[in-house]
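Visitor:
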Amino acid sequence: MKKLLTLLALMPMTVFAEGLDSANTSWILTSTALVLFMTLPGLALFYGGLVRTKNILSVLMQCFAIAGIVSILWLVAGYSIAFAEGNAYFGDLSKFMLAGVTEDSLSGDIPESLFALFQMTFAIITPALIIGGFAERMKFSAVLLFSAIWLIVVYAPITHWVWGGGWLGEMGLLDFAGGTVVHITAGVAALVAAIVIGPRNGFPSKPMPPHNMTMTITGAAMLWVGWFGFNGGSALAANGDAAMAMLVTHISAAAGAMTWMFYEWVKYGKPTALGAVTGMVAGLGTITPASGFVGPAGGLA
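For the sequence shown, this note's numbering begins at -19 and goes up steadily by one.
So, in structure tokens, the structure goes:
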């Protein structure tokens, strides 16, 4: 009788567990932490070491504040615009304030709350990447305002186009982990910002070397590690796709670092730390959209 009562008590949990995959959930939980780790402190340290000493705190604060404001906006409307039902261009507001996201709601075979959080970490790092385009040249308040507007007007709709059932996804665009959603959007925004704002006062006639390469290399190392969650986690499962994505991600990072290092060695007679980490980041960014579709040789190429 006691066994029967125990079985009856566990039945609701069993029904929920049939749709929930614990292994996949555990992996995406880990990946979510890794992707946030890429921004805080990875990207913050990477950019912080590249600017002049007087501006390091402002860059660190910008990354920190962007994480805060993007998190709130993602809760309010960003997630809904990106992933709710809608048309080919925008999700509707049925997920406003994460409406309907409960302990029991699922996205595939992982909790929807976890999926929303995982995607939030992508939304955080993307505007943070743009900081490199206007570092040392934009007021803190302007950075926050720009990041907030850009998230709602640019990032969330394009995420819907590619991953939320929008027109680019329907056309067959393949973007495994964010080459379009993250890197193209951030890259174009950073380029436009750099052109509009212009160079730093005195540049390039006045030398402005990175003030702390140790900090930059530390941040780059964190980015390398965190990228396993960025690309591997985009499989949304603990399976062979995630494992292969991690493998090709690592190979591409190594290939990028070595290529840039040997190029400097040949051209300038010695490699530089900045060149090596720049090549590494280039390799990681390049493989991101293809990481779930190519094999090890593709990562090297």
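Note that CB positions come from ideal geometry on N, CA and C, so glycine has one too.
Opposite Ile90 in the DSSP bridges: which residues?
Guide: Looking at the DSSP assignment, Ile90 forms a beta bridge with Ser87.
Visitor: Alpha carbon to alpha carbon, how far is Ile49 from Ala339? Give it in angstroms, no decimals.
Guide: Here the chain has residues from -19 to 281 only, and residue 339 is not among them.
Visitor: What is the rounded straight-line gap between the Cα of Leu227 and the Cα of Ala47?
Guide: Approximately 28 Å between the Cα atoms of the pair.
Visitor: Could you give the residue range of the alpha helix (DSSP H) that holds Phe26?
Guide: Run containing Phe26: Ala24 to Leu30, per the alpha helix (DSSP H) assignment.
Visitor: If you draw a straight line from the alpha carbon of Cys43 to that of Pro269, how long is it in whole angstroms?
Guide: Whole-angstrom Cα-Cα distance: 24 Å.
Visitor: Going by Cα to Cα distance, which pick from Glu92, Pro184 and Leu203 is closest to Asp84?
Guide: Taking only the C-alpha atoms, the option nearest Asp84 is Glu92.
Visitor: Give the straight-line distance between the Cα atoms of Val39 and Ala173, rounded to the nearest whole angstrom.
Guide: Their backbone Cα atoms lie some 16 Å apart in a straight line.
Visitor: Please state whether DSSP places Gly71 in a helix, a strand or coil.
Guide: Strand.
Visitor: Tell me, please, whether the region 188 to 207 touches the region 120 to 133 by the rule of three or more beta-carbon pairs shorter than 8 Å.
Guide: As far as the Cβ criterion goes, the region 188 to 207 does not touch the region 120 to 133, which means the pair count is below three.
Visitor: Which residues in the same chain as Leu16 place their Cβ atom closer than 6 Å to its Cβ, once the five residues preceding and following it in sequence are excluded?
Guide: Same-chain partners within the cutoff: Thr101.
Visitor: Alpha carbon to alpha carbon, how far is Ala3 from Ala218?
Guide: Cα to Cα, the separation comes out at about 6 Å.
Visitor: Go through the region 178 to 215 residue by residue and report every complete run of the alpha helix (DSSP H) that reaches 4 residues or more, in order.
Guide: If we require 4 residues or more, the alpha helix (DSSP H) runs fully inside the region 178 to 215 come out as 193 to 207.
Visitor: Just list the residues that DSSP pairs Gly275 with in beta bridges.
Guide: DSSP, once it has assigned bridges, lists no residue as partnering Gly275.
Visitor: Counting C-beta neighbours from all protein chains within 10 Å, is the total for Leu30 16 or more, i.e. buried, or is it exposed?
Guide: By the neighbour-count rule (16 or more Cβ atoms within 10 Å), Leu30 is buried.
Visitor: Counting along the chain, where does the alpha helix (DSSP H) carrying Thr252 start and finish?
Guide: Run containing Thr252: none; DSSP gives neither H nor E here.
Visitor: Sorted by chain position, which residues of the same chain lie with C-beta nearer than 6 Å to Trp245's C-beta, five sequence neighbours on each side aside?
Guide: The residues are Pro251.
Visitor: When you compare only the Cα positions, how much space is there between Asn35 and Lys119?
Guide: So the two alpha carbons sit approximately 11 Å from each other.
Visitor: Starting from the Cα of Gly88, find the closest Cα among Val142, Ser11, Gly58 and Gly(-1) and give me that residue.
Guide: Considering only alpha carbons, the answer is Gly(-1).
Visitor: Can you tell me which of Tyr59, Phe126 and Ile231 puts its alpha carbon nearest to the alpha carbon of Leu94?
Guide: For Leu94, the nearest C-alpha among the options comes from Tyr59.
Visitor: Using the rule of at least 16 other Cβ atoms within 10 Å of the residue's Cβ for burial, across every protein chain shown, is Val81 buried or exposed?
Guide: Val81 should be labelled buried.
Visitor: Can you check which of these residues, Pro189, Lys186, Thr229 and Gly220, is closest to Gly206 by C-alpha distance?
Guide: The option with the nearest alpha carbon to Gly206 is Thr229.
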